[in-house]
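Worksheet: one structure, shown below.
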Amino acid sequence: MPSSDDESNKKESNNHTKSRLLTREPMPPPQRVLVVRKPGDATADRLFEQIHEAFENSGITTVVDSSVADRCPSEVEVCSAEDLSEVDLDLVITLGGDGTLLYVCSMFHETIPPVLSFNVGSLGFLTPFTADEVDEVIQSVTKGEMDVLERVRFTATVYHDGKPTSSFQVMNEVAVDRGYSAFLTQLECTCDGDSLTTVDGDGIIIATATGSTAYNLSAGGSVVHPAIPVMVFTPICPHSLSFRPITLPVDALLSVSVPKGSSSTAWANIDGRYRIELQVGDSIDVIRSPYPLYTVSRRGGSNDWFTSLRSCLNWNVRIRQKAMQTGFTGRLNPE
Numbered sequence: 002m003p004s005s006d007d008e009s010n011k012k013e014s015n016n017h018t019k020s021r022l023l024t025r026e027p028m029p030p031p032q033r034v035l036v037v038r039k040p041g042d043a044t045a046d047r048l049f050e051q052i053h054e055a056f057e058n059s060g061i062t063t064v065v066d067s068s069v070a071d072r073c074p075s076e077v078e079v080c081s082a083e084d085l086s087e088v089d090l091d092l093v094i095t096l097g098g099d100g101t102l103l104y105v106c107s108m109f110h111e112t113i114p115p116v117l118s119f120n121v122g123s124l125g126f127l128t129p130f131t132a133d134e135v136d137e138v139i140q141s142v143t144k145g146e147m148d149v150l151e152r153v154r155f156t157a158t159v160y161h162d163g164k165p166t167s168s169f170q171v172m173n174e175v176a177v178d179r180g181y182s183a184f185l186t187q188l189e190c191t192c193d194g195d196s197l198t199t200v201d202g203d204g205i206i207i208a209t210a211t212g213s214t215a216y217n218l219s220a221g222g223s224v225v226h227p228a229i230p231v232m233v234f235t236p237i238c239p240h241s242l243s244f245r246p247i248t249l250p251v252d253a254l255l256s257v258s259v260p261k262g263s264s265s266t267a268w269a270n271i272d273g274r275y276r277i278e279l280q281v282g283d284s285i286d287v288i289r290s291p292y293p294l295y296t297v298s299r300r301g302g303s304n305d306w307f308t309s310l311r312s313c314l315n316w317n318v319r320i321r322q323k324a325m326q327t328g329f330t331g332r333l334n335p336e
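In this note's numbering, each residue's number is its place in the sequence shown (first place is 1) plus 1.
This is the structure in structure tokens:
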């Protein structure tokens, strides 16, 4: 029989493991909230009205982008997308799909407030709450009963002639591919200044843990829990049987360049939103961003990600075998 001390130690060990896996912090009640909705969606418009009414009753200010101001009540605070970084926001609510969340991330060039996402889109892997849960979730928000989970983002910087020309905050992935060329692309990859590999294929994906279930998943890359800080390095259709995806430390500096002698240019794709052509000699550096993304989840809701994995991607969904018949021993030659 295990002693009470053994049971106590086991319980403490389980709690310690869970707390290290999920980097969560309680979220205090917000005072000013930006609501971004999928354009032209009747469900998103209806949810916006519900949320605004609940916030108004709780003394919380609702903020909207100036592009949708004509579809909002007069008491709603309006702000242009260019000035959002200057507004004191405690929370961002998205009403749409994963694309709406990506759009919100592109609106903030540096620090981004915590994001609470309701699924009004088609996939919704990053939007854990449904339209039917709006009243319940908003009530928990106003009472300060929600948690925030820190997710790593990347900073991607493009270089031309050795000089930086543009920089982006990355939520999902940086994909460098052959673009419109009919030829294999050739890319030189380094990690912390040391040669990593030369890619001969359709390209390479450098994904965050959050982005591991996006393009990276389609290319055969590893699926990673969002609380694990890593860089996932995944080839796209490599011309090599041995070129497999690898997982690297999140604090590494990955650089991808188009070498001299390459038969074509390459294209850098940032979160599927920005696309930049890389000429021969150009490069793109990917490092950990100092501006992480904080997503809102249920208090103690460690199951959100696993639920999305099963419901959105049908992870390990299969037909169950029938139960074993009574009296069957499983032996082929019973004595």
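Using N, Cα and C, we set each Cβ at its ideal position, and we do this for glycine too.
{"Check": "So does the stretch 146-164 actually touch the stretch 287-304, counting three or more Cβ pairs closer than 8 Å?", "Outcome": "yes"}
{"Check": "Pick from 178, 52, 190, 189: whose alpha carbon is nearest that of residue 133?", "Outcome": "52"}
{"Check": "What do you get for residue 216, buried or exposed, if any count of 16 or more other CB atoms within 10 angstroms of its CB means buried?", "Outcome": "buried"}
{"Check": "Looking at C-alpha atoms only, which residue of 62, 73, 105 is the closest neighbour of residue 274?", "Outcome": "105"}
{"Check": "Provide the residue span of the alpha helix (DSSP H) that contains residue 136, from first to last.", "Outcome": "135-143"}
{"Check": "Since residue 105 is in the alpha helix (DSSP H), which residue starts that stretch and which ends it?", "Outcome": "99-108"}
{"Check": "For residue 292, which of 151, 45, 98 has the nearest alpha-carbon?", "Outcome": "151"}
{"Check": "Could you pull the start and end residues of the alpha helix (DSSP H) that residue 51 belongs to?", "Outcome": "43-58"}
{"Check": "Assuming residue 240 contacts residue 185 under a Cβ cut-off of 8 Å, what Cβ separation, rounded to an integer in Å, is found between them?", "Outcome": "6 Å"}
{"Check": "Is the distance from the Cβ of residue 313 to the Cβ of residue 255 below 8 Å?", "Outcome": "no"}
{"Check": "What does residue 252 pair with, by DSSP beta-bridge criteria?", "Outcome": "Partner(s): none; residue 252 has no beta bridge."}
{"Check": "How many Å lie between residue 76 and residue 237 at the Cα?", "Outcome": "50 Å"}
{"Check": "Classify residue 210 as buried or exposed, calling it buried when 16 or more other Cβ atoms lie within 10 Å of its own Cβ.", "Outcome": "buried"}
{"Check": "For the beta strand (DSSP E) that residue 197 lies in, which residues bound it at each end?", "Outcome": "195-208"}
{"Check": "For the alpha helix (DSSP H) containing residue 311, name the first residue and the last one.", "Outcome": "305-314"}
{"Check": "Let me make sure I understand the geometry here. Which of 103, 40, 42, 36 has the alpha-carbon closest to that of residue 55?", "Outcome": "36"}
{"Check": "Quick one: grab the DSSP three-state call for residue 160.", "Outcome": "strand"}
{"Check": "Suppose the cutoff is 6 Å on Cβ atoms and the five residues either side in sequence are ignored; what does the same chain contact list for residue 286 look like?", "Outcome": "158, 256"}
{"Check": "Short of 6 Å in beta carbon distance, which residues of its chain neighbour residue 95, apart from the five on each side in sequence? Order them along the chain.", "Outcome": "37, 101, 102, 105, 118"}
{"Check": "Leaving out the 5 sequence neighbours to the left and right, which residues in its chain are closer than 6 Å to residue 325 when beta-carbon positions are compared?", "Outcome": "none"}
{"Check": "Return the CA-CA distance between residue 175 and residue 58, expressed in angstroms with no decimal places.", "Outcome": "42 Å"}
{"Check": "Please list the terminal residues of the continuous beta strand (DSSP E) segment that includes residue 270.", "Outcome": "267-271"}
{"Check": "For residue 87, which of helix, strand or coil comes out of DSSP?", "Outcome": "helix"}
{"Check": "Alpha carbons only, please: which of 116, 120, 115 is nearest the one belonging to residue 97?", "Outcome": "120"}
{"Check": "Less than 8 Å between the CB atoms is what I'm expecting for residue 249 and residue 267, so what's the real figure, rounded?", "Outcome": "The pair is not a contact, with the Cβ atoms about 20 Å apart (cut-off 8 Å)."}
{"Check": "Does any residue of chain C have a CB that is nearer than 8 Å to the CB of residue 213?", "Outcome": "Structure shown: chain C not included; a single protein chain is present."}
{"Check": "Just to confirm, is the Cβ distance from residue 233 to residue 223 under 8 Å?", "Outcome": "yes"}
{"Check": "Contact check, residue 198 vs residue 187 under 8 Å by CB: the rounded distance?", "Outcome": "Not a contact, Cβ separation roughly 11 Å."}
{"Check": "Straight-line CA distance for residue 206 to residue 60?", "Outcome": "45 Å"}
{"Check": "Have a look at 315, 318, 304 and flag the residue whose alpha-carbon is nearest the alpha-carbon of residue 1.", "Outcome": "Residue 1 lies beyond the residue range present for the chain, which begins at 2 and ends at 336; the question has no answer from this structure."}
{"Check": "Could you tell me which residues DSSP pairs with residue 167 in its beta bridges?", "Outcome": "159"}
{"Check": "So residue 150 is in the beta strand (DSSP E); what residue range does that whole segment cover?", "Outcome": "147-152"}
{"Check": "Quick check on the DSSP output: the alpha helix (DSSP H) that includes residue 218 runs from which residue to which?", "Outcome": "216-219"}
{"Check": "If you count every other CB in all the chains shown that lies within 10 Å of the CB of residue 204, and 16 or more means buried, which is it?", "Outcome": "buried"}
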